[in-house]
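**Student:** All the letters of the sequence shown, read from the start, carry residue numbers 48 to 282 under our numbering.
Backbone N, C-alpha and C fix where the C-beta goes; we use that ideal spot for every residue, glycine too.
Keep in mind it's a predicted model, so treat the numbers as computed, not measured.
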Amino acid sequence: MSVGDLILVHYRFIMVQQRRTSVVRPSSVTLKLGMAGSGLVLVGFVVFHLAGNLLIFAGPEALDGYAHFLQHGTHGLVWLVRLGLLAAAVVHVGCAVALTRAGQRARPQRYRGGRRTLRSTFASRTMRIGGPLLLLFIVGHLAHLTLGWVGPHVPGQVYDNVVNGFSHAPIAVVYLLAVGALGLHLHHGIASAARTLGLAGDRRWRRLAAVVAGSVVVGNAAIVLAVCFGVVGGA
Ligand code: HEM
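#1: Below 8 Å, how does it come out for the region 223-243 and the region 83-91: are there three or more Cβ pairs, yes or no?
#2: Mind checking Val137: buried by the 16 CB within 10 Å criterion, or exposed?
#3: Going by the C-beta, is Val210 closer than 7 Å to any heavy atom of the ligand MN?
#4: Taking 7 Å as the cut-off, is the beta-carbon of Leu181 closer than that to any non-hydrogen atom of the ligand HEM?
#5: Val264 to Leu246, Cα distance in whole Å?
#6: Three Cβ pairs or more, each shorter than 8 Å: is that satisfied between the region 128-136 and the region 204-221?
#7: Would you report the Cα separation of Leu110 and Ser85, rounded to the nearest angstrom?
#8: So, with DSSP's three-state summary, where would you put Trp196?
#9: If you draw a straight line from the C-alpha of Leu165 to the C-alpha of Thr173, how long is it?
#10: Just tell me which of Thr121, Leu117 and Pro179 has its CA closest to the CA of Val140.
#11: Which word fits Ile176, buried or exposed, when buried means at least 16 other C-beta atoms lie within 10 angstroms of its C-beta?
#12: So which of Gly281, Cys275 and Asn267 has the shortest CA-CA distance to Leu102?
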């Protein structure tokens, strides 16, 4: 075998090894940008959804009329928005999983003394548990109020469906817990997005995170509690 042949064999061997080991992975900056962008789209939905749901305080005609408009008066735009939301949710969860795996690969051994570090906060430590729990809540929420698989449900009678649901204490408690978890997730998530976008030093972002998370918790909890205490839907 000539020297040229040896070099060729060696080169082929290296190429095969590289093909076996190299997997194209997006960088952590790309993943964080994906999380931030998709997260902000989802925050937009949560705020918009809450604004619509607060119509429950204006009575059944207002809430049912609004739901009817979204369903039948938007000429199919609602489906485009739903597709966009689904895409944002898939990107958000996908980037979270990829970032968690990258973190585990980079640091296979746990820190001494557990996972706590000086810089981690209660919200950041609960982020990885809160995220999957919120996903579980959303699936249950769709089964409850969109698909009507839980308890009595009349399509289009959104006001009655919500009042029926929250009149059951266990359902009300689950919603209150989920809304609390959502508040923590939003507060930490918006601050993380600001860091990714290079705005960490900007105090206005921290204030925005607190205002958005606080309003979402207070607004959603007010709906649940108003039904529980008969302020909404009471005889
Ligand atoms: C007190 C709190 C809430 C109430 C009363 C409420 C009410 C509703 C109702 C009535 C629907 C069905 C609308 C229809 O089929 O016409 C719905 C759908 C939905 N809700 Fe909520 N919701 C609440 C909280 C939340 C939260 C915290 C989230 C997300 C984190 C959320 C996410 C969704 C989603 C993704 C849909 C499906 C939207 C669609 O069909 O396009 N909801 N909600």
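**Tutor:** If we stick to the structure as given:
#1: yes
#2: exposed
#3: Among the ligands in the structure shown, the ligand MN does not appear; only the ligand HEM can be found there.
#4: yes
#5: Those two C-alpha atoms are separated by around 24 Å.
#6: no
#7: Each residue's alpha carbon lies about 28 Å from the other.
#8: coil
#9: Confidence is the limiting factor: at Leu165 the pLDDT is only 49, short of 50, which leaves the residue's position unreliable, though a coordinate-based value still follows. Annotation: Leu165 to Thr173 spans about 15 Å, alpha carbon to alpha carbon.
#10: Pro179
#11: By the 10 Å Cβ count, Ile176 comes out exposed.
#12: Asn267
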